[in-house]
Amino acid sequence: MSTTPGFDPRAYNARPYSGGDPYADYRPADLDLDGLVDLADRRLGGAVVAANDEFFAHRENMLLPGPAVFDPHAFGHKGKVMDGWETRRRRGPSALDPHPAADDHDWALVRLALPGTVRALVVDTAHFRGNHPTEVAVEGTHLEGSPATGELLAAEWTPLVARTPVYGHAANGFEVADGRRWTHLRVRQFPDGGIARLRVYGEPVADPAWLAALGSFDLAALLNGGAVEDASDRFYSPPGNIIAPGRSQKMDDGWENRRRRDTGHDWVRFRLAAQGEVRALVLDTSYLKGNSAGWVRVLVRDAQGPDPEAWSEILGRTRLEPDGIHRFVLPAPVTATHVRTDVYPDGGLARLHVYGSLTAAGTAALEQRWSRARG
Numbered sequence: 001m002s003t004t005p006g007f008d009p010r011a012y013n014a015r016p017y018s019g020g021d022p023y024a025d026y027r028p029a030d031l032d033l034d035g036l037v038d039l040a041d042r043r044l045g046g047a048v049v050a051a052n053d054e055f056f057a058h059r060e061n062m063l064l065p066g067p068a069v070f071d072p073h074a075f076g077h078k079g080k081v082m083d084g085w086e087t088r089r090r091r092g093p094s095a096l097d098p099h100p101a102a103d104d105h106d107w108a109l110v111r112l113a114l115p116g117t118v119r120a121l122v123v124d125t126a127h128f129r130g131n132h133p134t135e136v137a138v139e140g141t142h143l144e145g146s147p148a149t150g151e152l153l154a155a156e157w158t159p160l161v162a163r164t165p166v167y168g169h170a171a172n173g174f175e176v177a178d179g180r181r182w183t184h185l186r187v188r189q190f191p192d193g194g195i196a197r198l199r200v201y202g203e204p205v206a207d208p209a210w211l212a213a214l215g216s217f218d219l220a221a222l223l224n225g226g227a228v229e230d231a232s233d234r235f236y237s238p239p240g241n242i243i244a245p246g247r248s249q250k251m252d253d254g255w256e257n258r259r260r261r262d263t264g265h266d267w268v269r270f271r272l273a274a275q276g277e278v279r280a281l282v283l284d285t286s287y288l289k290g291n292s293a294g295w296v297r298v299l300v301r302d303a304q305g306p307d308p309e310a311w312s313e314i315l316g317r318t319r320l321e322p323d324g325i326h327r328f329v330l331p332a333p334v335t336a337t338h339v340r341t342d343v344y345p346d347g348g349l350a351r352l353h354v355y356g357s358l359t360a361a362g363t364a365a366l367e368q369r370w371s372r373a374r375g
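Residue numbering for the sequence shown follows this note's numbering, starting at 1 and increasing by one per position.
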């Protein structure tokens with residue numbers, strides 16, 4: 001039974017699937033996610049490390065990329081095959097008391113790929129219509145290293161989303177106000193049920209001690225605290241792919257825009273981990289063969305410099321070969337906090353690497369942010 005005053009679970013139900021497009025009656029989330037990264041992305045290293053129950057569907061499904069899929073005819077030995085995490089139905093202690101207690105719930109522990117500040121969460125119950133949880137709660141903790149399940153369960157947890165009713169077959173979106181850095185989340189669903197996907201949108205906060213040990217590194221990489229601030233086009237694939245870890249493995253692992261039918265050009269703007277001295281660039285067009293960018297220009301600006309809004313060119317308009325890796329050593333280090341790639345007239349990039357090291361001011365700013373985020 002819910003502890004939410006006046007809560008009527010029937011108001012959050014979804015209709016049974018009646019055929020056709022299963023997403024036709026799906027309820028989307030209304031959140032501003034510009035500039036935010038999914039900190040739990042499985043492709044970046046996120047994981048569901050433990051759950052108390054996963055009888056019907058595996059906990060790991062929650063972090064799969066892409067929307068949940070639904071096959072109305074797929075049944076297994078345990079029942080309906082669902083693309084998400086689904087637990088068994090809870091019961092009370094006896095025939096005279098058959099209902100779960102008010103605080104009965106199932107839980108899953110999530111390790112973030114990118115420890116950082118969480119700004120928004122989406123608890124997606126796509127295709128869970130009569131079997132979604134009535135309420136969810138999400139908490140965060142900060143434990144460095146590789147803590148075991150017992151250590152996580154014994155940790156101090158801070159509420160990020162209070163126990164709240166959720167809709168079935170919906171992207172239930174929540175804004176998060178706590179500005180601290182988290183390494184793990186605990187998702188609780190009351191009393192039981194299924195969650196298709198969990199998305200944890202926020203800003204990575206890199207460990208300055210780790211970056212100092214690296215010395216020279218990729219200042220734009222997601223794993224090091226870089227981020228995409230904005231882009232001209234996200235039609236085929238997201239620009240955040242450009243700074244994802246590892247080599248691109250296929251065309252949509254990178255960024256591809258639509259074909260331009262005007263005289264403009266496309267661009268992506270990045271925020272570096274902190275102020276740094278840029279020394280070299282790598283522009284990778286792997287798997288982009290007939291649709292790679294034709295030419296590229298790279299600019300930087302220093303938000304902490306004397307003219308914080310001014311962009312300066314560090315690589316003039318340069319032809320890119322399809323399905324290739326292009327390396328450029330700058331004639332001298334350039335101080336920057338932001339980088340912009342302009343592609344002409346359109347086309348894709350698989351990866352961008354911006355190699356350099358932090359300045360003294362960049363290190364100090366990152367250490368201050370680290371201290372604030374640790375609370």
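From the three backbone atoms N, C-alpha and C, an ideal C-beta is built for every residue, glycine too.
Remember, predicted model here, so these are calculated numbers, not experimental data.
Practice task
Check whether the Cβ atoms of R424 and D104 lie closer than 7 angstroms to each other.
Solution key: No information on residue 424 is available, as it lies outside the stretch 1 to 375 that the chain covers here.
Problem - Nearest to V378 (by Cα), restricted to the options G324, D233, W267 and R327 - result: An answer regarding residue 378 cannot be provided, because it is not within the stretch 1 to 375 covered by the chain.
Problem - Residue from R43, P16 and Y23 with nearest C-alpha to D253 - result: R43
Practice task
Output the residue ranges of the alpha helix (DSSP H) runs that lie fully inside the region 123-207 and measure 4 residues or longer, sorted by chain position.
Solution key: Inside the region 123-207, DSSP marks whole alpha helix (DSSP H) runs of 4 or more residues at positions 149-153, from first to last along the chain.
Practice task
Specify the secondary structure class of W107 as computed by DSSP and reduced to three states.
Solution key: strand
Handout entry: Q368 - DSSP class collapsed to helix/strand/coil
Key = Here Q368 sits in helix by DSSP.
Exercise for the section: Please check if any C-beta of chain B sits within less than 7 angstroms of the C-beta of P345. Expected result: Of the chains in the structure shown, none is chain B; there is only one protein chain.
Problem - Per DSSP, the bridge partner or partners of H326 - result: L283
Exercise for the section: Report yes if the C-beta distance between D302 and A336 is below 7 angstroms; otherwise report no. Expected result: yes
Handout entry: Straight-line Cα distance separating R163 from P5
Key = Rounded to whole angstroms, the separation of the alpha carbons of R163 and P5 is 12 angstroms.
Exercise for the section: Return the Cβ separation of S216 and R247 in integer angstroms, given the expectation that the two are a contact with Cβ distance under 8 angstroms. Expected result: 20 angstroms between Cβ atoms; not a contact.
Practice task
Quick one: give me the first and last residue of the beta strand (DSSP E) that T318 is part of.
Solution key: S312 to R319
Problem - Proximity winner among R199, H73 and S292, relative to D346 (alpha-carbon distances) - result: S292
Handout entry: Through-space distance from G168 to G130, alpha-carbon basis
Key = Going by the C-alpha atoms only, they are around 7 angstroms apart.
Problem - Spatially closest choice to V329 from R317, G294, V278 and D34, by CA coordinates - result: V278
Problem - C-beta atoms of D284 and I325 nearer than 7 angstroms - result: yes
Practice task
For P333, name the three-state secondary structure that DSSP assigns.
Solution key: strand
Problem - Alpha-carbon to alpha-carbon, L222 and L33 - result: 16 angstroms
Practice task
Report all residues from its chain with a CB closer than 6 angstroms to the CB of A50; omit the five preceding and five following residues, and keep chain order.
Solution key: L109 and T149
Practice task
Answer yes or no: do A274 and L352 have a C-beta to C-beta separation smaller than 7 angstroms?
Solution key: no
Exercise for the section: Give every residue of the same chain whose Cβ lies closer than 8 angstroms to the Cβ of V81, excluding the five residues on either side of it in the sequence, and list them in chain order. Expected result: A57, D71, A74 and F75
Practice task
Please confirm if the region 224-243 is in contact with the region 171-181, defined as three or more CB-CB distances below 8 angstroms between the two stretches.
Solution key: No: fewer than three Cβ pairs fall under 8 angstroms.
Exercise for the section: Assign P133 to buried or exposed, taking buried as 16 or more other Cβ atoms, counted over all protein chains shown, within 10 Å of its Cβ. Expected result: buried
Exercise for the section: Flag this pair as yes or no: are the beta carbons of V339 and F270 separated by less than 7 angstroms? Expected result: Result yes, Cβ atoms of V339 and F270 sit closer than 7 angstroms.
Practice task
Please name the residue, chosen from H99, L112, G305 and G145, that lies closest to L198 on a Cα-to-Cα basis.
Solution key: L112
Problem - Separation of G202 from A213, as counted between CA atoms - result: 25 angstroms
Practice task
Quickly, what does DSSP pair A227 with across the bridge? List them, please.
Solution key: The secondary-structure analysis by DSSP pairs A227 across a beta bridge with R271.
Problem - For T87, three-class secondary structure by DSSP - result: In the structure shown, T87 adopts coil according to DSSP, grouped into three states.
Exercise for the section: For L219, I'd like the list of residues in its chain whose CB is within less than 6 angstroms of its CB, leaving aside the five on either flank, ordered along the chain. Expected result: L272, A273, G276, V354 and G356
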